[in-house]
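The block underneath contains the structure these notes are about, expressed in structure tokens.
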Amino acid sequence: NAGVTQTPKFQVLKTGQSMTLQCAQDMNHNSMYWYRQDPGMGLRLIYYSASEGTTDKGEVPNGYNVSRLNKREFSLRLESAAPSQTSVYFCASSNRQASGYTFGSGTRLTVV
Amino acid sequence: GESVGLHLPTLSVQEGDNSIINCAYSNSASDYFIWYKQESGKGPQFIIDIRSNMDKRQGQRVTVLLNKTVKHLSLQIAATQPGDSAVYFCAENIGGGSNYKLTFGKGTLLTVNP
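Right under this line is the structure:
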């Protein structure tokens with residue numbers, strides 16, 4: 000099925016551990032995004048990639064890095080996880096302004 | 005701070021009634037708005053969008069109204085059904101071209117009572 004695929008769906012990390020969240024889309028979209036969702040906070044933009052080869056910071060980039068591996072894949076890395084990074088992470092993609100985003104199903108991350 | 009917000013964090017309606025979910029935005033440069041629906045454990049789903057050169061747009065059972073004078077956006081759902089129970093987010097875009105990125109409101113929880 001066409002769409003945005005995120006892996007893993009769930010993850011528990013210890014403080015200080017690192018991990019990479021994977022995202023892939025098969026809709027040939029140019030732009031990809033990483034958001035985090037916390038209770039009562041809505042969705043906040045971490046990083047985005049307007050096109051292959053470019054990445055930019057969003058509203059809450061501290062503690063994260065991203066890689067736009069190719070047009071399909073956009074990964075989010077936590078180098079040293081902290082409890083404050085406990086959240087649900089959503090990847091999204093879009094092709095043009097008038098089409099909105101297509102979201103993945105999310106990764107629920109808990110840092111203990 | 006966030007420029008998109010919601011007047012009501014929760015809304016409870018009876019099945020068959022019409023629902024209205026409101027959203028305020030503060031950036032007059034916003035040129036594109038979207039409503040998303042998020043069911044428990046899932047990612048947000050696109051419902052309907054509207055550009056700033058319009059004041060109303062209709063879809064299937066849903067209507068979005070945009071009042072640029074007071075920077076207000078609303079989502080109307082006709083004949084609300086139990087399957088409409090979800091969190092609804094409004095989102096706005098300020099940048100154009102390659103800077104297309106959305107800012108989301110905090111969401112409204114809609115509960116439909118049978």
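If you read the sequences in order, they're chains A and B. Mapping the first sequence onto our numbering, position 38 (from 1) lands on 37, and the numbers just tick up by one. Heads up, our numbering is the position in the second sequence plus 4, with the first residue counted as 1. All C-beta atoms in this analysis are idealised placements derived from N, C-alpha and C, irrespective of residue type, glycine included.
Sequence-distant residues of the same chain with beta carbon closer than 6 Å to residue i, five excluded per side
{"i": "residue 34/B", "result": "96, 98"}
{"i": "residue 92/A", "result": "3, 24, 28, 31, 101"}
{"i": "residue 107/A", "result": "9, 87"}
{"i": "residue 25/B", "result": "79, 92, 112"}
{"i": "residue 65/A", "result": "46, 54, 75"}
{"i": "residue 109/A", "result": "11, 85"}
Neighbourhood of residue i by C-beta distance below 7 Å, restricted to the same chain and skipping five residues each side
{"i": "residue 90/B", "result": "41, 42, 43, 114"}
{"i": "residue 13/A", "result": "111"}
Rounded C-alpha distance that separates residue i from residue j
{"i": "residue 39/A", "j": "residue 28/A", "result": "30 Å"}
{"i": "residue 1/B", "j": "residue 117/B", "result": "One cannot answer for residue 1/B here, as it falls past the ends of chain B, which runs 5 to 118."}
{"i": "residue 52/B", "j": "residue 112/B", "result": "16 Å"}
{"i": "residue 15/B", "j": "residue 72/A", "result": "38 Å"}
{"i": "residue 148/A", "j": "residue 5/A", "result": "Residue 148/A lies beyond the residue range present for chain A, which begins at 0 and ends at 111; the question has no answer from this structure."}
{"i": "residue 26/A", "j": "residue 49/B", "result": "16 Å"}
{"i": "residue 84/A", "j": "residue 56/A", "result": "16 Å"}
{"i": "residue 36/A", "j": "residue 36/B", "result": "22 Å"}
{"i": "residue 6/B", "j": "residue 16/A", "result": "Its pLDDT being 37, under 50, residue 6/B is placed unreliably by the model, and the measurement read from it follows with that caveat. So the two alpha carbons sit approximately 31 Å from each other."}
Cutoff 8 Å: residue i Cβ touching any chain A Cβ
{"i": "residue 111/B", "result": "yes"}
{"i": "residue 47/B", "result": "yes"}
{"i": "residue 37/B", "result": "no"}
{"i": "residue 106/B", "result": "yes"}
{"i": "residue 53/B", "result": "yes"}
{"i": "residue 5/B", "result": "Residue placement at residue 5/B cannot be trusted, given a pLDDT of 33 that sits under 50; the coordinates are not used to answer."}
Spatially closest choice to residue i from the options, by CA coordinates
{"i": "residue 63/A", "options": "45/A, 54/A, 71/A", "result": "45/A"}
{"i": "residue 7/A", "options": "19/A, 59/A, 14/A, 99/A", "result": "19/A"}
{"i": "residue 41/A", "options": "59/A, 51/A, 47/A", "result": "59/A"}
{"i": "residue 60/B", "options": "72/B, 13/B, 47/B", "result": "72/B"}
{"i": "residue 78/B", "options": "64/B, 54/B, 88/B", "result": "54/B"}
{"i": "residue 105/A", "options": "1/A, 90/A, 47/A, 16/A", "result": "90/A"}
{"i": "residue 56/B", "options": "47/B, 68/B, 49/B", "result": "68/B"}
{"i": "residue 67/A", "options": "78/A, 77/A, 48/A, 34/A", "result": "48/A"}
{"i": "residue 43/A", "options": "70/A, 78/A, 79/A, 61/A", "result": "61/A"}
Own chain partners of residue i with C-beta closer than 8 Å, once the 5 adjacent residues on each side are dropped
{"i": "residue 22/B", "result": "80, 81, 82, 83, 84"}
8 Å Cβ cutoff, residue i in contact with chain B
{"i": "residue 100/A", "result": "yes"}
{"i": "residue 26/A", "result": "no"}
{"i": "residue 39/A", "result": "yes"}
- What are the complete beta strand (DSSP E) segments, minimum 3 residues, inside the stretch 13–77 of chain A? If only uninterrupted beta strand (DSSP E) runs of at least 3 residues are considered, those enclosed by the stretch 13–77 of chain A are 18–24, 30–37, 41–48, 64–67, 73–77.
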